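Asker: Structure in structure tokens, see below.
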Amino acid sequence: MKIAILPGDGIGTEIMAEAVKVLAVLDLPFETETALVGGAAYEAHGHPLPESTLALAKAADAVLFGAVGDWKYDKLERQFRPEQAILGLRKHLGLFANFRPAICYEQLTHASSLKPELVAGLDILIIRELTGDIYFGQPRGRRVAVDGHFPGAEEAFDTMRYSKPEIERIAHVAFQAARRRSKKVTSVDKANVLETFQFWKDVVTEVHAQYPDVALDHMYVDNAAMQLVKAPKAFDVVVTGNMFGDILSDEAAMLTGSIGMLPSASLDKHNKGLYEPSHGSAPDIAGKDLANPLATILSAAMMLRYSLNQPDAADRIESAVKAVLSAGLRTGDIWSEGTQRVGTREMGDAVVAALHGQVAGKTITTRTAGIIKG
Ligand code: NAD
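First residue of the sequence shown: 12, per our numbering; consecutive thereafter.
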């Protein structure tokens, strides 16, 4: 097995170093190869996703990605901006299903902006479609309006579209994921206003006929946004389109306290995937040993479970993370009175030590971590 390691920019290199350290102690039969991506690749090769990096990602069994971006690249032409590397990888690797678990660790309930009783034990999974919707629909652009409220005025437009196979394949992914959890899917749409999402709702309902053991309900996106902060534990698997998923998954992320804790996976139809923390390159704290590496370490665990067929190793990592939290170690983003503040490297070292059984923590059952709900 081969893992492509793409650290990227900012805190990407720091958090990736910790994840690689954790992977190294598992004693598994895989090799890793590292390549530049994002701003670092632009500096070295003139492109955020050089051919050599793309070739490595294509040849690998899985990709572990740090984060890309820096404000200093904001003025570059869009095609050269670091973030284009992520879109390019998604496109070239055929990654269409984005898994964003939002898990609130019992040790961190107070870190959420919601009341602890609303988030304690939270374990939901947002599945976002990645290839369609208004993000990629053509035509798009700027023009002079010929009709509308202001004919003759400058205007901009995008096109929202979904094909039936695109909706079918993400619906299958959601129902299959739900089968491994609480057997409940909420499909989020805006069918009351948008033709595209009435179609989405019809197709999801049609696919559901093949999963009679899974419950399906439909919710408008505005209500879903509200319910996520009102009663988040009422959800289990949420499936939605590219734009609604982008927004709702960030909202769900914040329920858990810190974006520094949240892993994600983007999968193709063969379960090959790109695994990355949900956060960006955090230029404000880069190079200061302040970043929380746990989202990246947990992304590595997801990679072992979904693409590399090593569920036991994934369980071991997730247990080690919980043991470290139980022992009271916290990076700045999750620190609170009475816990011990540590840096990026110290947190990674603690997870490694826990894998060797050297951190005192509670006995932990691990099936609930990640995607599989016990
Ligand atoms: P960000 O996620 O990088 O940071 C938002 C806030 O969260 C910052 O205050 C940051 O310090 C904090 N934070 C993020 N990760 C953290 C961690 N692991 N530990 C502790 N604190 C953490 O988002 P942003 O500031 O809007 O964007 C910064 C750059 O990252 C931009 O160039 C943006 O385009 C890029 N970005 C990249 C990705 C990606 O690589 N997938 C995703 C989002 C943003």
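Glycine included, each C-beta is placed from N, C-alpha and C at the ideal position.
All figures in this text were calculated on a predicted structure; none of them were measured in a lab.
Taking the CB atoms as reference points, tell me whether VAL130 and LEU301 lie closer together than 7 angstroms.
Answerer: Not in contact: VAL130 and LEU301 (Cβ atoms no closer than 7 angstroms).
Asker: Take ARG151 and list the residues in its own chain whose beta-carbon comes closer than 7 angstroms to its own, dropping the five residues that flank it on each side.
Answerer: Within the same chain, ARG151 has close Cβ partners PHE168, ASP169 and THR170.
Asker: Going by DSSP in three states, LYS299 sits in which element: helix, strand or coil?
Answerer: In this structure, LYS299 counts as coil in the three-state DSSP scheme.
Asker: Taking the alpha-carbon positions, what's the ASP228 to LEU278 distance?
Answerer: 24 angstroms
Asker: State yes or no: is the beta carbon of ASN234 nearer than 7 angstroms to at least one beta carbon in chain D?
Answerer: Absent here is chain D; the protein component of the structure consists of one chain.
Asker: How would you call SER174, buried or exposed, if buried means at least 16 neighbouring beta carbons within 10 angstroms?
Answerer: exposed
Asker: Using a 10 Å radius around the Cβ and a threshold of 16 neighbouring Cβ atoms, would you call PHE161 buried or exposed?
Answerer: exposed
Asker: So for HIS229, helix, strand or coil by DSSP?
Answerer: strand
Asker: Just checking ILE296 against ligand 1 - is the residue's beta carbon closer than 6 angstroms to any of the ligand's heavy atoms?
Answerer: yes
Asker: With a threshold of 6 angstroms, establish whether the CB of ASP247 neighbours any heavy atom of ligand 1.
Answerer: In this structure, the C-beta of ASP247 stays at least 6 angstroms away from each heavy atom of ligand 1.
Asker: Where DSSP assigns a beta bridge to ALA113, which residues make up the other side?
Answerer: ILE135
Asker: Would you grab the beta carbon distance between ILE181 and ALA263 for me? Rounded to a whole angstrom, and I think it's under 8 angstroms.
Answerer: Actually they are not in contact, since the Cβ atoms of ILE181 and ALA263 sit about 17 angstroms apart, beyond 8 angstroms.
Asker: VAL33: beta carbon under 6 angstroms from a heavy atom of ligand 1?
Answerer: Distances taken from the Cβ of VAL33 to the heavy atoms of ligand 1 include none shorter than 6 angstroms.
Asker: Taking just the CA atoms, how far does THR197 sit from ALA306?
Answerer: 25 angstroms
Asker: So, helix, strand or coil for GLN387, using DSSP?
Answerer: Not covered by the structure: residue 387. The range shown for the chain is 12 to 385.
Asker: Which residue or residues does DSSP assign as beta-bridge partners of ARG341?
Answerer: ARG352
Asker: For PHE147, does the three-state DSSP call read helix, strand or coil?
Answerer: coil
Asker: Among PHE91, ASP72 and ARG172, which has the Cα closest to the Cα of HIS56?
Answerer: Ranking the options by Cα distance to HIS56, first place goes to PHE91.
Asker: Quick check for students: name the residue ranges of the alpha helix (DSSP H) that lie wholly in the region 159 to 238, counting only runs of 4 or more.
Answerer: 175 to 190 and 206 to 219
Asker: For ARG92, report the span of its alpha helix (DSSP H) as first-last.
Answerer: Unbroken run through ARG92: none, as it is neither H nor E.
Asker: Would SER310 and PRO288 qualify as a contact pair, given that the criterion is a beta-carbon distance under 7 angstroms?
Answerer: yes
Asker: Just to confirm, does GLY359 get its C-beta within under 6 angstroms of one of the non-hydrogen atoms of ligand 1?
Answerer: no
Asker: Taking the beta carbon of HIS103 as the centre, do at least 16 other beta carbons fall within 10 Å, making it buried, or is it exposed?
Answerer: exposed
Asker: Can you give me the Cβ contacts of PRO127 inside the same chain, cut-off strictly under 7 angstroms, excluding the 5 residues immediately before and after it?
Answerer: THR120 and HIS121
Asker: Just the C-alpha distance for ARG378 and LEU319, rounded to the nearest angstrom, thanks.
Answerer: Interpretation of ARG378 is limited by its pLDDT of 34, a score under 50 that renders its predicted location unreliable; the figure taken from the coordinates is listed afterwards. Spanning the two alpha carbons is a distance of roughly 17 angstroms.
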